[in-house]
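Written out below as structure tokens is the structure these notes cover.
Number of protein chains: 2
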Amino acid sequence: MSLDGQLPPKMRLLRAAAELLANSAGAPVSTRQITQLAGVTAPTLYHHFGDKEGLFDAVVAAGFEDYVAGERDFAPSGHPLVDIRRMWDNHVQFGLNQPELYLVMFGNIRPESRPAIVADAEALMEEMLNKAAMAGQLNVQPREAARSILAANVGVTLMLIAEPATERNLELSTMTRDAMIFAVSAEQAAGAGPDDSGKSSVVVAAIALNAALQASHSDQLSSSELKLFLEWLHRISST
Amino acid sequence: MSLDGQLPPKMRLLRAAAELLANSAGAPVSTRQITQLAGVTAPTLYHHFGDKEGLFDAVVAAGFEDYVAGERDFAPSGHPLVDIRRMWDNHVQFGLNQPELYLVMFGNIRPESRPAIVADAEALMEEMLNKAAMAGQLNVQPREAARSILAANVGVTLMLIAEPATERNLELSTMTRDAMIFAVSAEQAAGAGPDDSGKSSVVVAAIALNAALQASHSDQLSSSELKLFLEWLHRISST
DNA sequence: CAGTTCATATAGCAACGCTATAGGTGATAG
DNA sequence: CTATCACCTATAGCGTTGCTATATGAACTG
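Heads up: the sequence lines are chains X and E, in that order.
Sequential numbering from 1 applies to the first sequence in this note's numbering.
Sequential numbering from 240 applies to the second sequence in this note's numbering.
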């Protein structure tokens, strides 16, 4: 251990905190661990950061710099809504790559006091949505859209973090993402008539059979009916 | 102070914890506060609940009972998607009415270990979505839809709780809610926009069938044909 | 050189979650 | 009625937490 390079103690504290935060599998990180790893005693921490939370805020700010930098790099694709998608995915990836850091940033919720970082993230997304709005691709006010999308983004990321890593299904993210983006985008209302050309007759049959399945007691279903049903559905699927 | 009625200490602990949790404006609640208010000493707490977290879990379980009861009361409106909307709103209201309790339930995220309550809430919503699926109103698998909606629901509620009460804008909730419900509902698409913005009604029918078949119990499920059938449906509906 | 300021260390406080141990209470068995 | 035993609660205290009052060293400034 010991980050005893010749760096100033302030830096060593930052790095120690970041490292411990990144590797502490869920367990809380104590100031004593941090100061020990930094090769420094307690008052130094409080001299520079005032607070344990102040130190964490500083770590978070540094992490957020990277996060934002990563965003801006590949941001201007010309299609704002595509950029929003990337932004969402980047957000989720950031959360999954550094869950502890992410939890300090977005998971430390307390009533009536929200972390400053949330406002920053909101502003970042609003800025991007503004471009979409100017391109006439937005259905609602950029600010409201940003808040809404970010809320869903955070919710999804938190839920993914809480899951065992083996079970994590990113489809939860993509599905929610597309739902939110679609909801705020202007393209949606395009051509969807209330009553379209009518569903194909095969599908109508499928729905009818569905109703029959629900209504009938299970005994009445012969295997031949099921076979027929299978055949029909098979034919549908190949169109 | 003192909840020294003649209730058993276990109850007094539960009530003391609930009360302190409800009124502790964001500040953490200590076991000493709880035991003092309950007129009891520390070991009693640990005898009955094993843990501070165990006690909180018990409080949460009680709160969740109320929450679920409130859901089921006005649930069966005949229109599952309407019920989902109510469920969402009820969730948000529950969070805003008892923010501390809510934060213990849904805000206490740790990597790789999610609170049991989340699974319960997910199951509750999936159950409701199953009805929608059987009515052919669903676009995706009920489970995925439930996870997605709940994630957004939690995200929105957390964000609202974190905001100063005076600034809370419930439109954030309604907007996100409608976006999510619309996204999973089958009514949206028909022939909208660029290609795959909506799934074909074939998939909708398949999902409905899948839900219906799984709901009808047992006898048929043992048939190998049915297994094949279900498997095949599953393959269609998860595209 | 004296004075001031900044940065770090010594030592320790109050509060935390939790527990080893023991005492008290009620029901059941002899 | 006594003995036993399981259950419940209290006394006292351990180890750790975030944090600080105070003191010491170093490094500029006059």
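Just so it is clear, CB atoms sit at the ideal spot from N, CA and C, and this is done for glycine as well.
Under 6 Å Cβ to Cβ from residue 219/X, same chain only, skipping five residues before and after it: list those, please.
-> Here residue 219/X refers to the residue found at position 219 of the first sequence. Residue placement at residue 219/X is poorly supported in this model, since its pLDDT is 39, which falls under 50; the coordinates are not used for a value here.
Would you list, in chain order, the members of the region 338 to 364 of chain E that have their beta-carbon closer than 8 Å to a beta-carbon of chain X?
-> 338, 339, 342, 346, 348, 349, 350, 351, 352, 353, 354 and 357
So, is residue 210/X buried or exposed, given that buried needs 16 or more other C-beta atoms within 10 angstroms?
-> As a working mapping, residue 210/X is identified with position 210 in the first sequence. Reliability fails at residue 210/X, whose pLDDT of 39 lies under 50, so the model's placement of it is uncertain and the value that follows must be treated cautiously. It counts as buried.
Chain X beta carbons: is any one of them nearer than 7 Å to that of residue 325/E?
-> Within the second sequence, the letter at position 86 stands for residue 325/E. Output row for residue 325/E: interface = no.
Under 7 Å, do residue 377/E and residue 301/E count as touching if we go by C-beta distance?
-> Looking up residue 377/E in the second sequence gives position 138. Looking up residue 301/E in the second sequence gives position 62. No, they are not a contact pair.
Could you confirm whether any beta carbon from chain X is found closer than 7 Å to the beta carbon of residue 317/E?
-> Here residue 317/E refers to the residue found at position 78 when the second sequence is read from its first residue. Not closer than 7 Å to any Cβ of chain X, the Cβ of residue 317/E fails to qualify, so no.
With 16 as the cutoff for other CB atoms within 10 Å, does residue 23/X come out buried or exposed?
-> Here residue 23/X refers to the residue found at position 23 when the first sequence is read from its first residue. So residue 23/X ends up on the exposed side.
Apart from the five residues on each side of it in sequence, which residues of its chain come closer than 7 Å, Cβ to Cβ, to residue 237/X?
-> Sequence index remark: in the first sequence, residue 237/X carries index 237 (1-based). Residue placement at residue 237/X cannot be trusted, given a pLDDT of 35 that sits under 50; the coordinates are not used to answer.
Residue 168/X by DSSP, collapsed to three states: which one?
-> The sequence position of residue 168/X within the first sequence is 168, counting from 1. If DSSP states are grouped into helix, strand and coil, residue 168/X belongs with coil.
Per the contact definition of three or more C-beta pairs closer than 8 Å, is the region 160 to 169 of chain X in contact with the region 348 to 356 of chain E?
-> yes
Looking only at its own chain, which residues have a Cβ that is under 7 Å from the Cβ of residue 270/E, when we skip the five neighbours before and after it?
-> Here the question's residue 270/E lines up with position 31 in the second sequence. For residue 270/E, where only same-chain residues beyond five positions count, the Cβ hits under 7 Å are 281, 284 and 291.
Using beta-carbon positions only, say whether residue 140/X and residue 184/X come within less than 7 Å of one another.
-> Within the first sequence, residue 140/X is the residue found at index 140, counting from 1. Within the first sequence, residue 184/X is the residue found at index 184, counting from 1. Cβ distance < 7 Å, so residue 140/X and residue 184/X count as in contact.
Nearest-angstrom beta carbon gap, residue 248/E and residue 279/E [assumed within contact, 8 Å] = Position 40 of the second sequence, counting from 1, holds the residue named residue 279/E. Position 9 of the second sequence, counting from 1, holds the residue named residue 248/E. Rounded, the Cβ-Cβ distance is 5 Å, consistent with contact.
Kindly indicate if chain E contains any beta-carbon less than 7 Å away from that of residue 168/X.
-> Stepping through the first sequence from its first residue, residue 168/X is reached at position 168. No, its Cβ sits nowhere closer than 7 Å to a Cβ of chain E.
Quick one: Cα of residue 146/X to Cα of residue 288/E, how far?
-> If you number the first sequence from 1, residue 146/X lands on position 146. If you number the second sequence from 1, residue 288/E lands on position 49. Taking the straight line from one Cα to the other gives about 42 Å.
Do the region 120 to 139 of chain X and the region 306 to 321 of chain E make contact, defined as three or more Cβ pairs closer than 8 Å?
-> no
Just tell me which of 104/X, 60/X, 149/X and 57/X has its CA closest to the CA of residue 125/X.
-> In the first sequence, counting from the first residue as 1, residue 125/X sits at position 125. Checking every option, the nearest Cα to that of residue 125/X belongs to 149/X.
Quick one: complete alpha helix (DSSP H) runs, 4+ long, within the region 45 to 114 of chain X?
-> 52 to 73, 80 to 97 and 99 to 106
Own chain residues within Cβ distance below 7 Å of residue 168/X, not counting five before or after = The count along the first sequence starts at 1 and reaches residue 168/X at position 168. Around residue 168/X: 160.
Collapsed DSSP secondary structure at residue 185/X in the structure displayed | Sequence index remark: in the first sequence, residue 185/X carries index 185 (1-based). In this structure, residue 185/X counts as strand in the three-state DSSP scheme.
What in chain E is Cβ-close to residue 172/X, meaning under 8 Å?
-> On the first sequence, position 172 is the one that residue 172/X refers to. Neighbours of residue 172/X on chain E, chain order: 383, 386, 387 and 390.
Under the assumption that residue 395/E contacts residue 165/X (Cβ atoms under 8 Å), give the Cβ distance between them as a whole number of angstroms.
-> Sequence index remark: in the second sequence, residue 395/E carries index 156 (1-based). Sequence index remark: in the first sequence, residue 165/X carries index 165 (1-based). With a Cβ gap of about 26 Å, residue 395/E and residue 165/X do not count as contacting.
If we count the other Cβ atoms within 10 Å of its Cβ and call it buried at 16 or more, is residue 172/X buried or exposed?
-> Along the first sequence, read from residue 1 onward, the residue named residue 172/X stands at position 172. The residue is buried, with at least 16 neighbouring Cβ atoms inside 10 Å.
Please classify residue 100/X: is it buried, with 16 or more other beta-carbons within 10 angstroms of its beta-carbon, or exposed?
-> As a first step, residue 100/X is located in the first sequence; it is residue number 100 there, counting from the start. That one is buried.
Tell me whether the beta-carbon of residue 306/E lies closer than 7 Å to the beta-carbon of residue 345/E.
-> Along the second sequence, one-based indexing puts residue 306/E at 67. Along the second sequence, one-based indexing puts residue 345/E at 106. Contact: no.
Going by Cα to Cα distance, which pick from 20/X, 47/X, 13/X and 178/X is closest to residue 98/X?
-> Stepping through the first sequence from its first residue, residue 98/X is reached at position 98. Residue 98/X has its Cα closest to that of 20/X, out of 20/X, 47/X, 13/X and 178/X.
Have a look at residue 131/X and residue 367/E and give me their C-alpha separation to the nearest angstrom.
-> Within the first sequence, residue 131/X is the residue found at index 131, counting from 1. Within the second sequence, residue 367/E is the residue found at index 128, counting from 1. Whole-angstrom Cα-Cα distance: 38 Å.
At a CB-CB cut-off below 8 Å, which residues of chain X make contact with residue 273/E?
-> Along the second sequence, one-based indexing puts residue 273/E at 34. By Cβ distance, chain X contributes nothing, its closest Cβ being about 19 Å from residue 273/E, past 8 Å.
Residues of chain E with a CB under 8 Å from the CB of residue 159/X: which are they?
-> As a working note, residue 159/X is residue 159 in the first sequence. Within chain E, the residues near residue 159/X are 353, 357, 386, 389, 390 and 393.
Members of the region 275 to 304 of chain E that neighbour chain X once the beta carbon cut-off is set at 7 Å = none
Grouping DSSP H, G and I as helix and E and B as strand, with all else coil, what is residue 246/E?
-> Within the second sequence, numbered from 1, the residue matching residue 246/E stands at position 7. Correct three-state label for residue 246/E: coil.
Residue 354/E versus residue 381/E - alpha carbon distance = Your numbering for residue 354/E matches position 115 in the second sequence. Your numbering for residue 381/E matches position 142 in the second sequence. Going from the Cα of residue 354/E to the Cα of residue 381/E covers about 21 Å.
So, is the C-beta of residue 164/X closer than 7 Å to a C-beta in chain E?
-> Numbered from its first residue, the first sequence carries residue 164/X at position 164. By this cut-off, residue 164/X is an interface position.
Cβ of residue 419/E less than 7 Å from any chain X Cβ?
-> Within the second sequence, numbered from 1, the residue matching residue 419/E stands at position 180. True, the Cβ-Cβ gap to chain X drops below 7 Å.
Are the C-beta of residue 415/E and some C-beta of chain X separated by less than 7 Å?
-> The residue labelled residue 415/E in the question sits at position 176 within the second sequence. Closer than 7 Å to some Cβ of chain X, the Cβ of residue 415/E qualifies, so yes.
Spatially closest choice to residue 60/X from 175/X, 118/X and 123/X, by CA coordinates = Looking up residue 60/X in the first sequence gives position 60. Comparing Cα-Cα distances from residue 60/X to each of 175/X, 118/X and 123/X, the minimum goes to 118/X.
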